[in-house]
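Protein chains in written order, with full-length UniProt numbering: chain R, 1 to 219; chain V, 1 to 268.
Shown next, in structure tokens, is the structure this report addresses.
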Amino acid sequence: MFSTLAPILLQATGETLYMVAAALALGTSMGLPLGVLLATSGRGELFEALWFQRIFGPIVNATRSVPFIILAVAIIPFTRFVVGTSIGTSAAIVPLTVAAIPFIARIIEGAIREVDSGLIEAAQAMGARPVQVVTKVLLPEALPGIIHGLTLTAVTLIGYSAMVGAVGAGGLGDLGIRYGYQRFRPDVMAAVVITLIVVVQAVQSSGDWMARKADKRNI
Amino acid sequence: MIRLSNVQKTYPARRGSDEHTALRGIDLDIAAGEIVGVIGRSGAGKSTLIRCINLLETPTSGSVIVDGTDVTKLSNRDLPLFRRQLGMVFQHFNLLSSRTVYDNIALPLELAGASKAEIAAAVDPLLPLVGLEEKRDRYPAELSGGQKQRVGIARALSSSPKVLLCDEVTSALDPETTRQILNLLKDINKRLGLTMVVITHEMAVVKALCDRVAVMDGGVIVEEGLVDGIFANPVHDTTKSLLADEFVEFRAGQDSAQSRDQSSGQEG
Ligand SMILES: Nc1ncnc2c1ncn2[C@@H]1O[C@H](COP(=O)(O)OP(=O)(O)OP(=O)(O)O)[C@@H](O)[C@H]1O
Ligand SMILES: [Mg+2]
Numbered sequence: 001m002f003s004t005l006a007p008i009l010l011q012a013t014g015e016t017l018y019m020v021a022a023a024l025a026l027g028t029s030m031g032l033p034l035g036v037l038l039a040t041s042g043r044g045e046l047f048e049a050l051w052f053q054r055i056f057g058p059i060v061n062a063t064r065s066v067p068f069i070i071l072a073v074a075i076i077p078f079t080r081f082v083v084g085t086s087i088g089t090s091a092a093i094v095p096l097t098v099a100a101i102p103f104i105a106r107i108i109e110g111a112i113r114e115v116d117s118g119l120i121e122a123a124q125a126m127g128a129r130p131v132q133v134v135t136k137v138l139l140p141e142a143l144p145g146i147i148h149g150l151t152l153t154a155v156t157l158i159g160y161s162a163m164v165g166a167v168g169a170g171g172l173g174d175l176g177i178r179y180g181y182q183r184f185r186p187d188v189m190a191a192v193v194i195t196l197i198v199v200v201q202a203v204q205s206s207g208d209w210m211a212r213k214a215d216k217r218n219i
Numbered sequence: 001m002i003r004l005s006n007v008q009k010t011y012p013a014r015r016g017s018d019e020h021t022a023l024r025g026i027d028l029d030i031a032a033g034e035i036v037g038v039i040g041r042s043g044a045g046k047s048t049l050i051r052c053i054n055l056l057e058t059p060t061s062g063s064v065i066v067d068g069t070d071v072t073k074l075s076n077r078d079l080p081l082f083r084r085q086l087g088m089v090f091q092h093f094n095l096l097s098s099r100t101v102y103d104n105i106a107l108p109l110e111l112a113g114a115s116k117a118e119i120a121a122a123v124d125p126l127l128p129l130v131g132l133e134e135k136r137d138r139y140p141a142e143l144s145g146g147q148k149q150r151v152g153i154a155r156a157l158s159s160s161p162k163v164l165l166c167d168e169v170t171s172a173l174d175p176e177t178t179r180q181i182l183n184l185l186k187d188i189n190k191r192l193g194l195t196m197v198v199i200t201h202e203m204a205v206v207k208a209l210c211d212r213v214a215v216m217d218g219g220v221i222v223e224e225g226l227v228d229g230i231f232a233n234p235v236h237d238t239t240k241s242l243l244a245d246e247f248v249e250f251r252a253g254q255d256s257a258q259s260r261d262q263s264s265g266q267e268g
């Protein structure tokens with residue numbers, strides 16, 4: 001029995017990791033600049049632009065307050081527009097990314113706001129241009145917090161990816177629902193749950209390890 | 001080297017606080033190679049004054065001439081270039097925790113786009129100057145307060161500035177370490193002929209380090225002159241009381257450090 005289960009389990013795990021990795025990468029590429037700007041566009045800050053906060057703050061909050069499963073269904077037209085279909089593993093990346101962007105933006109914003117403002121001042125006194133303050137001071141100093149946050153995002157996305165699995169996206173969630181629930185195969189259900197636990201543990205542990213490596217504040 | 005003429009600074013009103021005038025017409029001349037102390041009680045406007053020199057604060061009115069240029073007129077593009085000619089040392093060191101000693105000292109050069117070789121040529125001789133050869137690859141978390149401040153000083157020197165601005169650089173240090181840091185600064189002034197502006201609330205620092213001193217109170221300079229003269233013959237009440245403080249120096253240091261922490265907490 002295991003020999004028949006192993007290949008489909010492996011394939012489902014691969015699909016889950018693919019969806020999560022893609023959404024994490026795409027979400028970071030957009031969430032990072034958004035988070036940096038949210039953290040630095042306030043009054044008297046590096047890139048003062050109050051309009052930016054007024055527009056994007058509420059958008060970020062609104063996106064975050066919609067439950068993921070509803071978000072995924074609500075943006076189906078957009079998903080279809082981007083990928084050409086709303087079903088399948090690649091299509092699932094769209095709602096996952098849309099959910100990840102504001103999540104990551106807030107995490108980056110928070111990590112940057114933790115950086116001592118004295119360091120910004122010191123950098124400016126040294127002749128740093130605003131962009132250099134971000135690249136040379138804020139991001140390196142916030143790195144441990146950012147890694148922690150991205151780890152949290154990855155774990156959350158693994159959960160979300162199981163939800164989109166329920167609407168036909170492939171991956172471990174899909175497998176669990178189709179075999180474990182609809183065809184009543186408790187062995188498959190158990191295997192899926194155990195695999196999810198192992199994957200989440202592995203992601204969390206490696207994230208913690210990287211954050212510790214990056215953190216030079218307590219040596 | 002530096003000439004402040006009728007410099008005023010008013011912080012605009014914010015939620016929960018009225019506007020506040022921290023500097024009310026400051027005139028101060030600082031010659032090249034000189035060490036000038038600025039002393040005063042907490043809230044006198046000392047930090048505001050020194051921050052107006054490198055334009056971390058923009059004066060509301062008046063002019064700040066550094067090396068012949070009115071720096072208040074500089075554009076946002078030129079301001080970083082100007083600031084690279086000044087080094088600044090801070091009370092709380094403000095070192096990057098993510099960088100080693102060497103990389104912290106290298107930062108100003110990195111910002112200016114220096115090559116690896118240029119950086120090494122500038123940083124390597126600074127390490128022995130501040131006595132940190134052995135700590136080269138350590139992180140700030142592994143250093144004592146005095147060592148951190150040595151890194152702060154080396155970092156301020158790495159871009160070969162003409163002026164060193166020091167804001168309460170010994171206030172977070174114990175008396176012995178304070179003495180060492182003051183000796184280091186004195187030594188640097190002699191060797192490199194640097195102009196220095198030294199902010200402090202302790203007369204002992206002025207006595208140990210400065211050629212000339214300006215006494216501030218309520219946003220104005222109330223008394224100014226050669227250190228020996230001011231010590232021998234203080235005229236203004238503020239000066240007299242600051243001199244009297246020397247006997248309770250330790251307590252005074254603690255109290256004002258506390259009040260500063262509280263006020264910065266409110267601002268942030
Ligand atoms: N960013 C700011 N916004 C508003 N008010 C400020 C700001 N910075 C300083 N002030 C006010 O200006 C006055 C002078 O402050 P400053 O920091 O120059 O004093 P100081 O002499 O350096 O005091 P200390 O010895 O405590 O450092 C204080 O009353 C302070 O509250
Ligand atoms: Mg001050």
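The beta carbon of each residue, even a glycine, is placed where N, CA and C say it ideally should be.
Being a predicted model, the structure only gives us computed values, none of them experimental.
Under DSSP, R:Asp174 forms no beta bridge with any residue. Residue pairing for V:His20: DSSP places it in a beta bridge opposite V:Tyr11.
Shortest gap from the CB of R:Thr153 to any heavy atom of ligand 1: 8 Å or more. DSSP places R:Met210 inside the alpha helix (DSSP H), whose first and last residues are Pro186 to Ala214. Residue environment for R:Gln124: buried (at least 16 other C-beta atoms within 10 angstroms of its C-beta). In the DSSP assignment, V:Asp217 falls within the unbroken beta strand (DSSP E) covering Arg212 to Asp217. Chain-ordered listing is empty here: chain R has no CB closer than 9 Å to the CB of V:Leu49, the nearest sitting near 15 Å. Secondary structure at R:Ile87: coil, using DSSP grouped into helix, strand and coil. For the region 67-83 of chain R, there are no residues whose beta carbon sits under 8 Å from a beta carbon of chain V. For V:Val227, no beta strand (DSSP E) run applies; the uninterrupted alpha helix (DSSP H) run containing it begins and ends at Val227 to Ala232, by DSSP. Listed as beta-bridge partners of V:Cys166 by DSSP are V:Val89 and V:Val198. DSSP, reduced to helix, strand and coil, places V:Asp137 outside both helices and strands of the structure shown, so it counts as coil. In this structure, V:Val235 is the residue among V:Arg84, V:Val235 and V:Glu57 with its C-alpha nearest to the C-alpha of V:Val222.
At least one heavy atom of ligand 2 lies closer than 8 Å to the C-beta of V:Ser47. For V:Ser47, the enclosing alpha helix (DSSP H) starts and ends at Lys46 to Ile53. Per DSSP, V:Gly33 lies in no beta strand (DSSP E) and is assigned neither H nor E. Between V:Arg41 and V:Thr238, the gap from beta carbon to beta carbon is short of 9 Å.
In chain order, Arg138, Tyr139, Ala141 and Glu142 make up the part of chain V whose C-beta sits under 9 Å from the C-beta of R:Ile219. In this chain, the beta strand (DSSP E) harbouring V:Val66 covers Ser61 to Val66. Under the three-state reduction of DSSP output, V:Asn76 falls in the coil class, being neither helix nor strand. Ranked by Cα distance from V:Asp70, the first of V:Glu224, V:Leu4 and V:Met203 is V:Leu4. Under the Cβ criterion (8 Å, minimum of three pairs), the region 65-73 of chain R counts as touching the region 163-173 of chain R. The beta-carbon distance between V:Glu34 and V:Arg212, rounded to whole angstroms, is 6 Å. This is short enough to meet the 8 Å contact definition. Put simply, the CB of R:Lys213 is far from chain V, with every gap to its CB atoms at 9 Å or more.
By the criterion of a C-beta distance shorter than 6 Å, R:Gly168 is surrounded in its chain by Ile87, once the five residues flanking it on both sides are discounted. Counting other Cβ atoms within 10 Å of its Cβ, V:Lys148 reaches 16 or more and is therefore classed as buried.
If you keep only unbroken alpha helix (DSSP H) runs of at least 4 residues inside the region 31-103 of chain R, you get 50-65, 68-74 and 76-83. Taken in chain order, the members of the region 143-154 of chain R whose beta-carbon sits within less than 8 Å of a beta-carbon on chain V are Leu143. Residue-level contact by beta carbon holds for R:Gly127 and chain V, with a gap shorter than 9 Å. Looking from the CA of R:Gln53, the closest CA among R:Val36, R:Ser117, R:Pro144 and R:Phe68 belongs to R:Val36. Rounded to whole angstroms, the gap between the alpha carbons of R:Val20 and R:Ala154 is 7 Å. Annotated three-state conformation of V:Ser5 is strand, per DSSP. Beta-carbon to beta-carbon, V:Val169 and V:Gln85 are separated by about 19 Å, too far to satisfy the 8 Å threshold. What V:Pro108 touches in chain R, judged by beta-carbon distance under 8 Å, is Met126 and Gly127, going in chain order. Note on geometry: alpha-carbon atoms of V:Gly145 and V:Leu111 lie some 25 Å from one another. In this structure, DSSP gives V:Thr58 a state outside helix and strand, which the three-state scheme calls coil.
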